[in-house]
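Participant:
In our numbering, the protein residues as written are 29 to 516.
(1) Given that a residue counts as buried once 16 or more other Cβ atoms are within 10 Å of its Cβ, and exposed if not, what is residue 112?
(2) Under a Cβ-count criterion, where at least 16 other Cβ atoms within 10 Å of its own Cβ denotes burial, should residue 194 be classed as buried or exposed?
(3) Unbroken beta strand (DSSP E) runs of length 3 or more, entirely within the segment 92 to 128: which are they?
(4) Taking 8 Å as the cut-off, does the segment 279 to 287 touch the segment 301 to 321 (at least 3 CB pairs, one atom from each stretch)?
(5) Would you call residue 442 buried or exposed, if buried means 16 or more other Cβ atoms sit within 10 Å of its Cβ?
(6) What does residue 180 pair with, by DSSP beta-bridge criteria?
(7) Between the C-alpha atoms of residue 187 and residue 181, what's the straight-line distance to the nearest angstrom?
(8) Are there three or more Cβ pairs, one per stretch, closer than 8 Å when the segment 391 to 410 is compared with the segment 440 to 455?
(9) If contact is defined by three or more beta carbon pairs under 8 Å, each pair taking one atom from either stretch, is the segment 410 to 429 in contact with the segment 127 to 136?
(10) With contact counted as at least three CB pairs below 8 Å, one residue from each stretch, are the segment 202 to 212 and the segment 38 to 55 in contact?
(11) Please tell me whether residue 286 and residue 242 are closer than 8 Å, where the distance is taken between their beta carbons.
(12) With a CB to CB cut of under 7 Å and the five nearest residues on each side skipped, what residues in its chain are close to residue 422?
(13) Please go through the segment 310 to 349 and give each complete beta strand (DSSP E) segment of 3 or more residues, from N-terminal end onward.
(14) How long is the line joining the alpha carbons of residue 293 and residue 219, rounded to whole angstroms?
(15) Considering only C-alpha positions, which residue in the set 275, 60 and 327 is nearest to residue 297?
(16) Comparing C-alpha positions only, which one of 73, 163, 190 and 334 sits nearest to residue 174?
(17) Below 8 Å, how does it come out for the segment 323 to 339 and the segment 363 to 378: are there three or more Cβ pairs, yes or no?
(18) Between 29, 232, 464 and 160, which lies nearest to residue 575 when the distance is taken from Cα to Cα?
(19) Report the residue from 275, 276 and 237 whose alpha carbon sits nearest the alpha carbon of residue 258.
(20) Locate the alpha helix (DSSP H) running through residue 379, then write down its first and last residues.
(21) Do residue 97 and residue 31 count as a contact pair if the criterion is CB distance below 8 Å?
(22) Output the distance between the C-alpha atoms of residue 45 and residue 184, rounded to the nearest integer angstrom.
(23) Are the segment 107 to 124 and the segment 148 to 158 in contact at 8 Å, needing three or more beta carbon pairs?
(24) Bridge partners of residue 239, per DSSP?
(25) Report the rounded CA-to-CA distance for residue 216 versus residue 100, giving the unit in angstroms.
(26) In whole angstroms, what separates the C-alpha of residue 86 from that of residue 141?
(27) Using the three-state DSSP reduction, which class does residue 66 fall into: helix, strand or coil?
(28) Only counting runs of 3 or more residues, tell me where the beta strand (DSSP E) segments fall wholly within the segment 384 to 431, in order along the chain.
(29) Would you kindly work out how many angstroms separate the C-alpha atoms of residue 456 and residue 379, rounded to a whole number?
(30) Based on the DSSP secondary-structure assignment, which residues constitute the bridge partners of residue 446?
(31) Which of the three DSSP states, helix, strand or coil, is assigned to residue 34?
(32) Name the DSSP bridge partner or partners of residue 295?
(33) Among 103, 129, 130 and 94, whose alpha-carbon lies nearest the alpha-carbon of residue 121?
(34) Please tell me whether residue 300 and residue 342 are closer than 8 Å, where the distance is taken between their beta carbons.
(35) Could you give the distance in angstroms between the alpha-carbon of residue 276 and the alpha-carbon of residue 229?
(36) Starting from residue 281, trace the beta strand (DSSP E) in both directions and tell me its first and last residue.
Spelled out as structure tokens, the structure:
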């Protein structure tokens with residue numbers, strides 16, 4: 029059987045930075061079973077719709093693809109709806125499977141509204157193999173399909189949602205992602221996230237996933253991989269890094285696990301072996317403020333870690349309690365002070381627009397940022413995603429009247445999708461800008477000497493830069509460069 033895997037576009041205003049690990053693992057599993065696998069990475073190549081249609085005709089008609097797997101986030105809903113419509117027009121009998129966050133969080137809607145044959149719920153590596161074997165043996169709705177867990181499908185006009193498949197306990201059993209099927213030259217050249225604003229030099233960077241599942245219960249977060257934390261062995265992660273180093277000459281890795289430091293024993297072992305092996309790879313990770321300690325961060329730095337991303341969310345303890353973050357404002361301050369003391373740069377993300385949030389909560393967040401000398405900060409609007417406690421709370425209040433209409437509006441969280449506060453939309457957007465302005469103004473006032481010192485030393489450079497790119501672009505670039513000097 030011939031299978032095409034599709035990676036839809038996301039955040040098309042920015043360069044593609046996230047290698048699609050989930051789809052990479054699916055591709056690798058299919059290859060291990062000797063299936064003929066192709067990948068259409070629309071996100072990586074940034075193909076327009078006309079080009080995508082040409083590829084669909086090529087794969088479906090000329091190459092006679094039998095099944096298509098689409099893996100993506102729920103924010104790709106509209107695009108996937110268009111994609112499935114076009115696939116049905118070209119070759120109606122094609123088996124279409126939708127997985128990832130989209131398939132897991134709204135499986136019934138994926139079947140009823142998008143017209144997919146199967147929605148995969150949870151981890152898809154074993155499910156995809158079972159499905160393809162099932163298709164080979166007689167079609168999408170035979171008796172064997174009904175025995176499979178972790179899927180949703182239509183049978184005799186009714187949508188059937190099976191229980192989630194058992195999670196993979198030993199992640200080392202999975203093959204490494206099938207990197208060669210993706211446009212690695214594109215992903216590797218785009219430095220991950222805020223790294224590009226921190227003066228980090230890298231010629232070849234990639235994101236790696238070390239574990240799955242999250243034991244925490246934040247009301248705004250959806251994790252289709254469950255609350256049971258499973259971590260790959262240190263040796264398995266290091267082997268992947270070495271393979272990437274040998275094949276793609278990577279020099280920077282971002283460990284994207286939001287709770288990377290859950291097991292201090294594991295992180296210590298990873299760092300010890302990194303130090304011993306001298307891999308020549310720098311790295312960064314996400315982290316929770318309640319999981320850091322001085323000895324651990326010191327060792328991470330010796331092992332090549334150059335930055336930690338903390339999801340602070342709010343400087344108000346009332347808000348943190350309300351969203352069940354499981355941390356305190358004091359823990360956040362201490363984590364920042366600790367990393368700064370050790371000379372470890374960090375950057376923070378916050379959210380605005382929680383239900384019942386007040387101006388006092390906003391001011392507490394601003395005070396937190398100023399008191400902790402924060403500048404590299406991302407502020408997102410609170411967005412209830414299907415599968416989260418917040419989504420159910422908002423639905424129960426009648427704020428989401430038409431689910432599909434709401435889901436079709438979901439996009440980048442820097443854009444306001446739904447307003448859960450007492451303020452109107454313009455006021456809420458203005459409050460976000462107010463936070464950014466107040467924090468940056470305080471930061472500049474405190475560090476103005478560093479700015480002016482840098483400007484004096486770099487007169488020729490900035491005059492040329494202004495001439496080529498303009499004043500506003502120069503001010504933004506100067507901010508990034510001086511910030512990198514201050515943080516390092």
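Even for Gly, the Cβ is constructed at its ideal location relative to N, Cα and C. Given the structure is predicted, the values throughout are model-derived calculations rather than measurements.
Facilitator: Well, looking at it:
(1) Numbered from its first residue, the chain shown carries residue 112 at position 84. By the Cβ-count criterion, residue 112 is buried, with 16 or more other Cβ atoms from all chains shown falling within 10 Å of its own Cβ.
(2) Residue mapping note: residue 194 aligns to position 166 of the chain shown, counting from 1. It is exposed - the Cβ of residue 194 has fewer than 16 other Cβ atoms within 10 Å.
(3) As far as the segment 92 to 128 is concerned, its whole beta strand (DSSP E) runs of at least 3 residues are 95 to 99 and 123 to 127.
(4) Inter-segment contact for the segment 301 to 321 and the segment 279 to 287 is present: three or more beta-carbon pairs are separated by less than 8 Å.
(5) Translated into the one-based positions of the chain shown, residue 442 becomes position 414. Here residue 442 is exposed: its Cβ has fewer than 16 other Cβ atoms, across all protein chains shown, within 10 Å.
(6) Working through the chain shown from its first residue, we reach residue 180 at position 152. For residue 180, which the question treats as bridged, DSSP gives the partners 147 and 189.
(7) By one-based count along the chain shown, residue 187 stands at place 159. By one-based count along the chain shown, residue 181 stands at place 153. Those two C-alpha atoms are separated by around 6 Å.
(8) Flag = yes, the segment 391 to 410 and the segment 440 to 455 touch.
(9) Touching, yes, given that three or more Cβ pairs across the two stretches are closer than 8 Å.
(10) With a cut-off of 8 Å, the segment 38 to 55 and the segment 202 to 212 count as touching, because enough Cβ pairs lie within range.
(11) Your numbering for residue 286 matches position 258 in the chain shown. Your numbering for residue 242 matches position 214 in the chain shown. Yes, Cβ-Cβ distance for residue 286 and residue 242 is below 8 Å.
(12) Locating residue 422 in the chain shown gives position 394, counting from the first residue. In chain order, 412, 428 and 448 place their CB closer than 7 Å to the CB of residue 422, counting only its own chain and leaving out the 5 sequence neighbours on each side.
(13) Counting whole runs of 3 or more residues, the segment 310 to 349 contains the beta strand (DSSP E) stretches 310 to 315 and 333 to 341.
(14) Translated into positions along the chain shown, residue 293 becomes position 265. Translated into positions along the chain shown, residue 219 becomes position 191. So the two alpha carbons sit approximately 29 Å from each other.
(15) Residue numbering aside, residue 297 sits at position 269 when the chain shown is read from its first letter. When C-alpha distances from residue 297 are compared across 275, 60 and 327, the shortest belongs to 327.
(16) As a working note, residue 174 is residue 146 in the chain shown. When only C-alpha atoms are compared, the closest one is 190.
(17) As far as the Cβ criterion goes, the segment 323 to 339 touches the segment 363 to 378, which means the pair count is three or higher.
(18) Because the chain is modelled from 29 through 516, residue 575 falls outside the range shown and cannot be assessed.
(19) Working through the chain shown from its first residue, we reach residue 258 at position 230. When each option's Cα is compared against that of residue 258, the closest is 237.
(20) Mapped onto the chain shown, residue 379 falls at position 351. No alpha helix (DSSP H) holds residue 379; the beta strand (DSSP E) holding it covers 374 to 380.
(21) Counted from its first residue, the chain shown places residue 31 at position 3. Counted from its first residue, the chain shown places residue 97 at position 69. Judged by their CB atoms, residue 31 and residue 97 are nearer to each other than the 8 Å cut-off.
(22) Within the chain shown, residue 45 is the residue found at index 17, counting from 1. Within the chain shown, residue 184 is the residue found at index 156, counting from 1. Computed Cα separation, rounded: 42 Å.
(23) Result no; under three Cβ-Cβ pairs closer than 8 Å.
(24) For the purposes of this step, residue 239 is taken as residue 211 along the chain shown, with counting starting at 1. Beta-bridge pairing links residue 239 to 259.
(25) To locate residue 216, count along the chain shown from 1; it is residue 188. To locate residue 100, count along the chain shown from 1; it is residue 72. Taking the Cα positions, residue 216 is about 20 Å away from residue 100.
(26) Looking up residue 86 in the chain shown gives position 58. Looking up residue 141 in the chain shown gives position 113. If I take the Cα positions, the gap works out to 26 Å.
(27) Position 38 of the chain shown holds residue 66. Reduced to three states, the DSSP call for residue 66 is strand.
(28) Every beta strand (DSSP E) stretch that sits fully inside the segment 384 to 431 and reaches 3 residues is listed by chain position as 405 to 409.
(29) Position 428 of the chain shown holds residue 456. Position 351 of the chain shown holds residue 379. Put simply, the backbone Cα of residue 456 is about 12 Å away from that of residue 379.
(30) For the purposes of this step, residue 446 is taken as the residue at position 418 of the chain shown. DSSP output for residue 446 lists no bridge partner at all.
(31) Stepping through the chain shown from its first residue, residue 34 is reached at position 6. Per DSSP, reduced to three states, the secondary structure at residue 34 is strand.
(32) By 1-based counting over the chain shown, the position of residue 295 is 267. Looking at the DSSP output, residue 295 bridges to nothing.
(33) Translated into the one-based positions of the chain shown, residue 121 becomes position 93. Considering only alpha carbons, the answer is 94.
(34) As a first step, residue 300 must be located in the chain shown, where it is residue number 272. As a first step, residue 342 must be located in the chain shown, where it is residue number 314. When the beta-carbon positions are compared, residue 300 and residue 342 stay at least 8 Å from each other.
(35) For the purposes of this step, residue 276 is taken as residue 248 along the chain shown, with counting starting at 1. For the purposes of this step, residue 229 is taken as residue 201 along the chain shown, with counting starting at 1. Going by the C-alpha atoms only, they are around 16 Å apart.
(36) In the chain shown, residue 281 corresponds to position 253, counting from 1. Membership of residue 281 in the beta strand (DSSP E) is indicated by the continuous run 280 to 283.
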